[in-house]
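Under numbering that gives the first Met the number 0, the sequence shown has 700 at position 701, and the numbering climbs by one with no breaks.
We put the beta carbon where it would ideally sit given N, CA and C, even for glycine.
Written out below as structure tokens is the structure these notes cover.
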Amino acid sequence: MYPPRYLIPTQSTTDKQASAPCLPAMFQQAFLDLPPIASAHGEVTLPGSKSISNRVLLLAALSHGATEIHDILASDDTQVMRESLKTLGCEITETGTNQLRIVGIGGQLQNKTAKLFLGNAGTAMRPLTAALTLMATTQGGQFEVSGVPRMHERPIGDLVDALRQLGGSVTDLGQAGYPPLRLGDGDTHALQLDAPIAVRGDVSSQFLTALLLALPLVATRDVVIDVVGELISKPYIDITLKLLAQFGVHVQREDWRRFTIPAGSRYTSPGQVFVEADASSASYFIALGALGSTQGITIQGVGLDAIQGDIRFVEAAQRMGADVTGGPNHLCVKRGAWPLKAIDLDCNHIPDAAMTLAVMALYAQGTTTLRNIASWRVKETDRLSAMATELRKLGATVDEGDDYLRITPPATPGEWRPAAIDTYDDHRIAMCFSLAALNPAACVVRINEPHCVAKTYPDYFETLFDVTTPCVGQVPVICIDGPTASGKGTLSQGVAKALGYAWLDSGALYRLVGVAAEQAGLSTTVEALADPAHAATVGELARNMAVRFEGEQVFLGGQDVSAAIRTEAAGMGASRVSAIGPVRAALMDLQQGFVRAPGLVADGRDMGTVIFPHAPLKVFLTASAEKRAERRYRQLISKGISANIDGLLADLKERDARDTNRQHAPLKAATDAALLDNTDLGIEESVQQVLSWWQSKQRKT
Ligand code: DC
């Protein structure tokens with residue numbers, strides 16, 4: 000799942016990548032610098048809803064019969080649910096993209112003991128705790144559920160109390176009232192279903208959802224649940240009830256206080272289920288439209304008729320000034336009032352999406368108050384305190400109450416601050432703060448640990464970059480030039496991966512021209528290319544090459560040439576065609592077109608001197624010819640290609656001489672390039688050196 004697609008150098012791909020040494024984990028991206036965004040426009044198809052996906056997975060698993068689930072979310076939280084269900088003996092098959100077939104266990108335990116690790120997925124922990132306790136108690140099983148350290152700080156005691164009232168066996172394995180827990184004691188016990196079960200509704204609605212999902216498994220008589228305290232997040236209960244009905248269980252609801260599961264309830268698969276897109280995820284793009292789109296952002300997969308409560312975020316956004324229209328499965332959002340209007344809102348019905356309102360408040364005139372959000376304190380992190388801290392970093396004045404936030408934006412553009420946003424392993428903090436990149440001061444916004452979005456939206460940042468236009472000249476390019484086999488490709492990939500940038504391997508483009516010329520029957524000898532008319536023909540060919548990059552493959556006129564461009568002969572051909580002016584001119588625009596947010600690492604011979612002369616960081620990488628020949632030798636041998644080190648050294652020197660002495664864009668260090676000789680450096684040290692140069696450049700700007 001992670002790294003997200005934007006990390007993969009989709010535009011410049013060659014088998015160099017496949018043969019590059021595996022990069023150490025230390026190059027995993029620690030932060031993502033978002034270039035300032037000027038505007039937004041385009042269409043977004045959202046991933047499936049987390050809440051619906053995990054409920055449907057569990058319901059399908061508990062049902063009689065098989066269920067085909069369409070548009071299911073693929074993310075960390077659904078992955079832990081899937082793994083748990085498999086451990087419990089459920090058969091799950093992938094039948095298409097985001098499509099699964101689950102054969103249900105019909106409420107009968109297949110495995111009576113298991114240890115389940117549930118990460119930080121509340122939507123897995125709560126319902127599985129309830130369902131497994133009831134099944135283990137009545138069928139004689141014993142299970143353990145645990146999660147990441149934060150999960151062991153998220154309360155579950157109110158649910159455990161309710162399960163114990165029923166006669167369920169639940170043992171605290173750590174701090175009382177928190178996971179990890181042991182469910183069942185291996186023996187069978189009768190449940191006490193005759194008295195109403197009391198459950199608190201004012202801490203998390205997930206406790207009630209968990210009971211509603213579990214009790215139909217044991218409803219030999221009418222089972223009544225009474226909610227104690229004011230029920231929060233009612234729309235999530237509504238989702239639970241609607242999905243239960245789809246699986247054949249019709250709960251009677253009296254007000255939001257009493258729920259009755261009818262005697263004889265039984266889960267039956269509806270055959271097929273379609274998962275709605277995630278309405279909370281929609282909030283980021285609704286906000287993006289309201290903040291930065293005059294032409295509109297179209298959001299596919301969720302419409303105004305969505306069953307998820309967070310769809311009511313639309314009303315809140317409209318109150319702030321968003322222009323929203325929509326139909327059954329889509330929304331279209333544009334800037335309406337600008338600046339936005341401050342609001343004072345009870346957000347109890349949209350707890351997750353309300354975090355997005357907190358960031359929109361930075362663009363409002365006046366102070367925005369978000370009330371009744373105490374549940375934020377028991378989510379992935381203490382969101383009330385985290386949001387206040389991070390909003391302040393950007394220059395806002397924030398009053399953090401027990402259950403409210405009051406946000407006053409920076410008074411002038413000059414009061415915005417470039418900030419490094421901590422994300423606390425909380426996907427929603429990472430996603431909502433990306434909207435700060437629209438700030439009027441054009442400050443770079445750093446998102447620390449950006450991979451946390453994988454909890455619900457692994458491709459979030461790539462989607463954001465697809466529909467936004469950065470401010471002119473604000474997307475950074477790092478150039479890494481140097482002679483053949485100096486290790487530019489491996490170094491560039493390491494730097495690109497660490498920063499989340501795209502990668503351009505410009506040598507691959509010249510290799511493509513050489514191969515395309517051969518295929519077209521055009522000679523690439525030095526003598527033939529010396530003829531200006533012939534050189535012009537090869538230049539035309541370079542300009543019109545039908546080249547397509549797809550993942551790790553390169554296609555020329557529909558033919559996969561990934562391996563063909565990597566041979567030694569193709570390297571020599573590239574060196575010859577790259578010496579002529581018409582070819583260099585033809586590839587200029589193509590190379591410059593590779594720049595995209597959040598940044599580009601470009602490697603070649605003239606990245607810093609000709610193609611990106613204004614790049615903020617240029618590196619000239621060298622190593623002794625002997626060392627380079629040795630590296631190339633090892634690379635070829637590891638691929639099973641026989642090689643001769645003396646021959647390689649001679650070829651390499653010939654290429655060095657031609658690349659350096661040619662008339663057009665000769666290989667040389669840009670005057671402002673930093674020199675890096677990696678003859679005696681490992682890849683990790685080289686990457687670290689470039690990253691530290693990059694950091695110090697940024698501190699200066
Ligand atoms: O980096 P490489 O070995 O894949 O490059 C192949 C040839 O392409 C190299 O010998 C010179 C040429 N080249 C160039 O002239 N300018 C670039 N920016 C990249 C490569």
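Asked                                                                                                                       : Found
Range of the contiguous beta strand (DSSP E) that encloses Gln174                                                           : No beta strand (DSSP E) holds Gln174; DSSP gives it neither H nor E.
8 Å Cβ shell around Arg445 - same chain, five flanking residues per side excluded                                           : Phe30, Leu31, Asp32, Leu33, Pro417, Ala418, Ala419 and Ile420
Cβ pair count under 8 Å reaching 3, the region 45 to 52 against the region 270 to 282                                       : yes
Beta-carbon contacts of Glu67 that lie in its chain and below 6 Å, excluding the five residues immediately before and after : Arg100 and Gln271
Ordered list of alpha helix (DSSP H) runs contained in the region 120 to 181, each at least 4 residues                      : 121 to 138 and 156 to 164
Distance cut-off 7 Å: Ala563 Cβ against heavy atoms of ligand 1                                                             : no
Inside the region 526 to 553 only - alpha helix (DSSP H) runs reaching at least 4 residues                                  : 531 to 542
CB contact flag (Leu511, Val546, <8 Å)                                                                                      : yes
Helix, strand or coil at Cys331 according to DSSP, with G and I counted as helix                                            : strand
Met606 Cβ short of 7 Å to ligand 1 heavy atom set                                                                           : yes
Completely contained alpha helix (DSSP H) runs for the region 446 to 492, where each covers 4 or more residues              : 459 to 465
Unbroken alpha helix (DSSP H) run spanning Asp425, endpoints                                                                : Here Asp425 belongs to no alpha helix (DSSP H), and DSSP marks it neither H nor E.
Heavy atom of ligand 1 within 7 Å of Gly506 beta-carbon                                                                     : yes
Option in Ala286, Arg311 and Glu625 with minimal Cα separation from Pro338                                                  : Ala286
Secondary structure of Thr621, DSSP reduced to three states                                                                 : strand
Of the listed residues Ser282, Leu57, Asp254 and Asp480, nearest to Val332 (C-alpha basis)                                  : Ser282
Element boundaries [alpha helix (DSSP H), containing Arg657]                                                                : Ile644 to Asn660
Alpha-carbon to alpha-carbon, Leu675 and Asn660                                                                             : 21 Å
Check: Ser574 C-beta below 7 Å from any heavy atom of ligand 1                                                              : yes
Cβ-heavy atom distance, Thr523 to ligand 1, below 7 Å                                                                       : no
beta-carbon Gly538 near ligand 1 non-hydrogen atom, thresh 7 Å                                                              : no
Min CB distance Ser685 to chain B below 8 Å                                                                                 : The chain labelled as chain B is not found in the depicted structure, where only one protein chain is given.
Pairwise C-alpha distance: Thr467 and Thr132                                                                                : 48 Å
Three-way DSSP call (helix, strand, coil) for Thr367 in this model                                                          : strand
Extent of the continuous beta strand (DSSP E) to which Glu229 belongs                                                       : Run containing Glu229: none; DSSP gives neither H nor E here.
Segments of 3+ residues assigned as beta strand (DSSP E) that fall wholly inside the region 265 to 316                      : 271 to 273 and 296 to 299
Integer-rounded CB distance, given that Asp345 should sit under 8 Å from Arg376                                             : The pair is not a contact, with the Cβ atoms about 17 Å apart (cut-off 8 Å).
Assigned secondary structure, Phe206 (DSSP; H/G/I helix, E/B strand, else coil)                                             : helix
Cβ-Cβ distance between Pro615 and Pro475 below 8 Å                                                                          : yes
In chain order, each beta strand (DSSP E) run of at least 3 residues that lies wholly inside the region 560 to 615          : 599 to 603
Rounded Cβ spacing between Phe432 and Val358 (contact assumed at less than 8 Å)                                             : 6 Å
Classification of Gly472 by the beta-carbon crowding that lies within 10 angstroms, buried from 16 upward                   : exposed
When Val618, Leu498, Ala622 and Gly513 are compared against Ser577, the one with the closest alpha-carbon                   : Gly513
Close beta carbons around Val701, own chain, < 8 Å, minus the five adjacent residues each side                              : Any question about residue 701 goes unanswered here, given that the chain covers just 0 to 700.
Beta strand (DSSP E) runs contained entirely in the region 365 to 405, provided each spans 3 or more residues               : 367 to 370 and 396 to 399
Length of the line joining the Cα atoms of Phe460 and Glu152                                                                : 29 Å
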